[in-house]
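Report on the structure given below.
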Amino acid sequence: MTVIVALWCVAVLLGTAILATAVARRPYGRTFVYGVSLIASAAALIAAVTHLLTGGTLAPSVTLPVGLPWLGSHFRVDALTAFFQAVVNLGGGAASFYGLGYGRHEAAPQRVLPFFPAFLAGMNLVLLADDAFTFLLSWEFMSLASWALVMAHHGERDNARAGYVYLVMASFGTLVLVLAFGLMAGPDGGYGFGSIRAAAHAPGVAALVLVLMLGGAGSKAGLVPLHVWLPLAHPAAPSHVSALMSGVMTKVAIYGFVRVVFDLMGPSDWWWGVPVMAAGTVTAVLGILSATMERDIKRLLAFSTIENVGIIFVGLGLALAFQGNAMNLAAALALTAALLHVLNHTLFKSLLFFGAGAVQTATGERDLECLGGLIHRMPQTSFAFLVGCVAIAALPPLNGFVSEWLIFQAILQSPQFPQWGLKIMAPAVGALLAMSAALAAACFVRLFGIAFLGRPRSAAAAAAQEVDLPSRSIMIALAGLCLLAGVLPGLAIDSLAGVTQSMVGAKLSEQATIAWLSVVPIGESRSTYNGLLVFLFIAASTAVSALVIYRLGPRTIRRAPAWDCGFPDPSPATQYTAGSFAQPLRRVFGGLAFGASERVDMPAPGDTRAARLTVTMHDRFWEWLYTPLTQVVSLVSGTLNHLQFLTIRRYLTLVFIALVALLLVLALWP
Amino acid sequence: MTNLVFDIAHLLAGGLVLMSLVMLYQVRLYALLKVFTLQALVLALSVAWQAFAQDAPHLYVTAAVALVFKAIVIPMALHRIIQRLGIHREIETVVGFGPTMLAGIGLVALSLVVMLRVTAGADPMAREDLAFALSVVLLGLLMMVTRRNAVSQVVGFMSLENGLVLAATGAKGMPLVVEFSVAFSILIAFIVIGIFLFRIRERFDTVDMRALDRFRGEQR
Numbered sequence: 001m002t003v004i005v006a007l008w009c010v011a012v013l014l015g016t017a018i019l020a021t022a023v024a025r026r027p028y029g030r031t032f033v034y035g036v037s038l039i040a041s042a043a044a045l046i047a048a049v050t051h052l053l054t055g056g057t058l059a060p061s062v063t064l065p066v067g068l069p070w071l072g073s074h075f076r077v078d079a080l081t082a083f084f085q086a087v088v089n090l091g092g093g094a095a096s097f098y099g100l101g102y103g104r105h106e107a108a109p110q111r112v113l114p115f116f117p118a119f120l121a122g123m124n125l126v127l128l129a130d131d132a133f134t135f136l137l138s139w140e141f142m143s144l145a146s147w148a149l150v151m152a153h154h155g156e157r158d159n160a161r162a163g164y165v166y167l168v169m170a171s172f173g174t175l176v177l178v179l180a181f182g183l184m185a186g187p188d189g190g191y192g193f194g195s196i197r198a199a200a201h202a203p204g205v206a207a208l209v210l211v212l213m214l215g216g217a218g219s220k221a222g223l224v225p226l227h228v229w230l231p232l233a234h235p236a237a238p239s240h241v242s243a244l245m246s247g248v249m250t251k252v253a254i255y256g257f258v259r260v261v262f263d264l265m266g267p268s269d270w271w272w273g274v275p276v277m278a279a280g281t282v283t284a285v286l287g288i289l290s291a292t293m294e295r296d297i298k299r300l301l302a303f304s305t306i307e308n309v310g311i312i313f314v315g316l317g318l319a320l321a322f323q324g325n326a327m328n329l330a331a332a333l334a335l336t337a338a339l340l341h342v343l344n345h346t347l348f349k350s351l352l353f354f355g356a357g358a359v360q361t362a363t364g365e366r367d368l369e370c371l372g373g374l375i376h377r378m379p380q381t382s383f384a385f386l387v388g389c390v391a392i393a394a395l396p397p398l399n400g401f402v403s404e405w406l407i408f409q410a411i412l413q414s415p416q417f418p419q420w421g422l423k424i425m426a427p428a429v430g431a432l433l434a435m436s437a438a439l440a441a442a443c444f445v446r447l448f449g450i451a452f453l454g455r456p457r458s459a460a461a462a463a464a465q466e467v468d469l470p471s472r473s474i475m476i477a478l479a480g481l482c483l484l485a486g487v488l489p490g491l492a493i494d495s496l497a498g499v500t501q502s503m504v505g506a507k508l509s510e511q512a513t514i515a516w517l518s519v520v521p522i523g524e525s526r527s528t529y530n531g532l533l534v535f536l537f538i539a540a541s542t543a544v545s546a547l548v549i550y551r552l553g554p555r556t557i558r559r560a561p562a563w564d565c566g567f568p569d570p571s572p573a574t575q576y577t578a579g580s581f582a583q584p585l586r587r588v589f590g591g592l593a594f595g596a597s598e599r600v601d602m603p604a605p606g607d608t609r610a611a612r613l614t615v616t617m618h619d620r621f622w623e624w625l626y627t628p629l630t631q632v633v634s635l636v637s638g639t640l641n642h643l644q645f646l647t648i649r650r651y652l653t654l655v656f657i658a659l660v661a662l663l664l665v666l667a668l669w670p
Numbered sequence: 001m002t003n004l005v006f007d008i009a010h011l012l013a014g015g016l017v018l019m020s021l022v023m024l025y026q027v028r029l030y031a032l033l034k035v036f037t038l039q040a041l042v043l044a045l046s047v048a049w050q051a052f053a054q055d056a057p058h059l060y061v062t063a064a065v066a067l068v069f070k071a072i073v074i075p076m077a078l079h080r081i082i083q084r085l086g087i088h089r090e091i092e093t094v095v096g097f098g099p100t101m102l103a104g105i106g107l108v109a110l111s112l113v114v115m116l117r118v119t120a121g122a123d124p125m126a127r128e129d130l131a132f133a134l135s136v137v138l139l140g141l142l143m144m145v146t147r148r149n150a151v152s153q154v155v156g157f158m159s160l161e162n163g164l165v166l167a168a169t170g171a172k173g174m175p176l177v178v179e180f181s182v183a184f185s186i187l188i189a190f191i192v193i194g195i196f197l198f199r200i201r202e203r204f205d206t207v208d209m210r211a212l213d214r215f216r217g218e219q220r
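Going down the list, the protein sequences come from chains A and B.
Just so we're aligned, residue 1 is where the first sequence starts under the working numbering, counting upward by one.
Just so we're aligned, residue 1 is where the second sequence starts under the working numbering, counting upward by one.
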């Protein structure tokens, strides 16, 4: 039933994409496209949530007579698909709603409107696919649609390069996935997911598939060192598309990883968790460090996405390690934590990108050093953005805390590992994860503080206006969902029971029936969390202290200049800047992570010119990995280029030599 | 009787290879053309003998086609081309005769080894035929590679095609329509190449391929 609804939604989205090419320039085109996308996403969301909550009937796969001749395309919905469908369509619906208002500022709607529903349809199709061919085709469709959206503003500086890098990385990812599915299908070519699941895979093949999936899904999700396209491509797209790419498409990549590694490859060896956890940890730490140094709001959010993908992969790696040791309950805990973080990240990252889009609409700026003081001019946006920042910084009672807390609960199970390597590794991973959580808090304090507090740093920021009603309302709705998911996490955890049952063969005990809506992942004696009580306590203590201050404090409002070390300077440039906020962290970590160096150019005594502080940072991945790689490629292609300019006789000679060589092989073959 | 049939087929196919080798060391274009004519004659004889041996009357038609086109029409036309272009005195090779002949002998040995290995268990007559046919094809290619003059490259191409016809008739049960289409496509290719030769000549005053390469501005 769910699969039929989902396929109809996809068909509607694809039809809208085609119609959009005709109506994109009309005034009603935007309302039509985003409206239909919203309705289709909402329908798919309702179907998916119903499937999750009722358990759904495990229908056999639906076969459509499109795709490969005589094979068709197979589609199926199980609990895992339904969960990710809910996540994708929640993000997709929110982005469509936001687009209703935000799309008004689009200079070239004909470059955005046709691809937006196509992108949504592609992501849904990846989730629904039940054979390798359909999966890969949908995956590539999704990549190309999002590439077209990244290239929507192709005239702007750096956007063409962003699109090129994204296209190269997407092609690499698909290539690796093709190899992975080819290995899984084996020589008999059973490309249906059912037959891959039923087949027995040799350990070597399975290990190779794991590595390939880390490359294929990792390049789409943003695992270090395949993350380089995210900070380029996400800012290039329009903001609601950035939200989709960052908050939703990376989740589709994670779905691909979970589907293949947990479902299709079956039970794993314990060491599978090691590379996944290691990649996740490195990604989390480097992602958040880069975010902390970043000035561009959307690039900062893209780096923060990399961090969150790293956290999710740590959860998945833990689940693999637990599963390999037959500790199914702990595996279910780790998997639940990872998937819950998938949902939470979609909520708050969409919210934050919408907020970044609102800031960009209001001021035309994405550079933190040109913003400031927006809380006075955009109070509602600021409030929603603040909620998103608190959520992503993993502070209770919001949703980010719950999922990261669950991951730490899973890490606390690590002493039960029989392998000493895992016993030592898991706490180390936990320490690094804790560090990245702390850095995330610093990063988002910096983002909110510099952009929304203080005095405006530019005329554009001073003249900002609150954005349109649809944009504001969807941001506030998402903020409400963040709070709801933080206060009532038991509902989301219970809906994941079906997923963990089918993936790792266990589920957490039912949370909804526990008194006071507490979350008890393992047992009452271990640790529990009650978001509702924390929320009520925070709300009550805030209300009481506000009341007390209001009662006891003076009633009159007095406006005075802020204390400024005794030297009040009217220039907003004297405020604390984004760069100065990042400086301590850059001094601690920058040398190692970015090769950062500072140089002070101090004028001689008596010289009246200004002193200069120059900071240089290096992108190690470009310098050490991608630049040498491009050099090798251009060297090889430059050498082979001569082959294009040979004489006819030389071509004939080449053909002749090749023929003789092949015949020689045939003659000498034993 | 069987032995004699086999030996004669063997002899004629061997003659074809011999003519290919002889062509490799012809320096004058007229001499080259004469050897090519001789090869076409041997081919026609060989095909006719196959027709007799396999008791396949349609192969006589193939033999007649080979005789008319390859031994009469094409050599005469090439003769006229050489005359009109005035290149009958030209001598051109890229590689010396010694290495070319050695390479040719090596190719014959290679094709014998390959074919006898691959077709173990096939009809012995077809086996030998196929081995010789492959040698003729390879020698024709070698000739195209080692010559610089467009006319001698055309001759190399034609002798390569002789090898194909030999292979086609040696295998039993090859439909007539295939042979016809091969023969006609070769004829059309010949016409096209002939026209091109004159066009090249009009432009560059030579049919030496080096002129073309120079014109394309490329290194050799």
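All C-beta atoms, glycine included, are put in the ideal place defined by N, C-alpha and C.
None of the values given here were measured: they were computed from a predicted structure.
Closest in alpha carbon position to T16 of chain A, among A:F32, A:L7, A:R25, A:R26, is A:F32.
At a beta-carbon threshold of 9 Å, none of the residues of chain A lie near M158 of chain B; the nearest stands roughly 15 Å away. Chain A places no beta carbon closer than 8 Å to that of L166 of chain B, leaving this residue out of the contacts. In the three-state scheme derived from DSSP, where H, G and I count as helix and E and B as strand, S268 of chain A is classed as coil. At a beta-carbon threshold of 9 Å, the residues of chain A lying near R117 of chain B are L666, A667, W669, ordered along the chain. Within the same chain, Cβ atoms closer than 8 Å to the Cβ of L7 of chain A are found at V62, L64, F75, L128, the five residues on either side in sequence being excluded. Residue contact check for T653 of chain A against chain B: a CB pair falls below 8 Å. Sorting A:P203, A:G182, A:V359 by C-alpha distance to the C-alpha of F193 of chain A places A:G182 at the top. Contact between A440 of chain A and A393 of chain A is confirmed by a C-beta separation of about 5 Å, below the 8 Å threshold.
M245 of chain A is not a Cβ neighbour of S350 of chain A, given a cutoff of 8 Å. Judged by DSSP secondary structure, L613 of chain A falls outside any alpha helix (DSSP H) and instead within the beta strand (DSSP E) spanning 612-616. The beta carbon of T616 of chain A sits closer than 6 Å to the beta carbons of S597 from its chain, once the five residues preceding and following it are set aside; these are given in chain order. Rounded to the nearest whole angstrom, the C-alpha separation of Q413 of chain A and A492 of chain A is 22 Å. If the five residues before and after G317 of chain A are omitted, its C-beta is found closer than 7 Å to the C-beta atoms of G273, V276, M277, G280, all from its own chain and listed in chain order. Residues of the segment 295-326 of chain A with a Cβ closer than 9 Å to any Cβ of chain B: none. Going by C-alpha positions, K34 of chain B is about 12 Å away from V42 of chain B. Taking a cut-off of 8 Å for Cβ pairs, the segment 227-237 of chain A and the segment 150-169 of chain A touch, as three or more such pairs fall below it. With a threshold of 8 Å between beta carbons, M144 of chain B makes contact with chain A. Listed along chain A, no residue sits closer than 9 Å to V154 of chain B by beta-carbon distance, the nearest being about 13 Å off. For V108 of chain B, not one C-beta of chain A is nearer than 8 Å to its own C-beta. When secondary structure is reduced to three states using DSSP, G192 of chain A falls in the strand class. Rounded to whole angstroms, the separation of the alpha carbons of M125 of chain B and R80 of chain B is 38 Å. For A162 of chain A, same chain residues with a beta-carbon under 7 Å away, outside a window of 5 residues either side, are V150, L232, A233, A236 in chain order.
Between A391 of chain A and N399 of chain A the beta-carbon gap is near 6 Å, inside 8 Å, which marks them as a contact. The residue from A:G505, A:V504, A:G531 with its alpha-carbon nearest to that of I514 of chain A is A:G531. In this structure, the alpha-carbon of A121 of chain A lies about 9 Å from that of S41 of chain A. With the rule of 3 Cβ pairs closer than 8 Å, the segment 572-587 of chain A counts as touching the segment 442-461 of chain A.
Counting only runs of 4 or more residues that sit fully inside the segment 332-393 of chain A, the alpha helix (DSSP H) segments are 374-377, 379-392, in chain order. About 7 Å separates the Cβ atoms of L433 of chain A and I311 of chain A, confirming a contact at the 8 Å cut-off. Not a single C-beta of chain B is nearer than 8 Å to the C-beta of L640 of chain A. The C-beta of R649 of chain A comes closer than 8 Å to at least one C-beta of chain B. Any Cβ of chain A closer than 8 Å to the Cβ of L130 of chain B would place that residue at the interface, and such an atom is absent.
With a cut-off of 8 Å on Cβ pairs, the segment 505-524 of chain A is not in contact with the segment 549-560 of chain A, counting fewer than three such pairs.
If you look at R551 of chain A, you'll find it in the alpha helix (DSSP H) that goes 531-552. Contact of L663 of chain A with chain B is assigned, a C-beta pair being separated by under 8 Å. In the three-state reduction of the DSSP assignment, S61 of chain A falls in the coil class, being assigned neither a helical nor a strand state.
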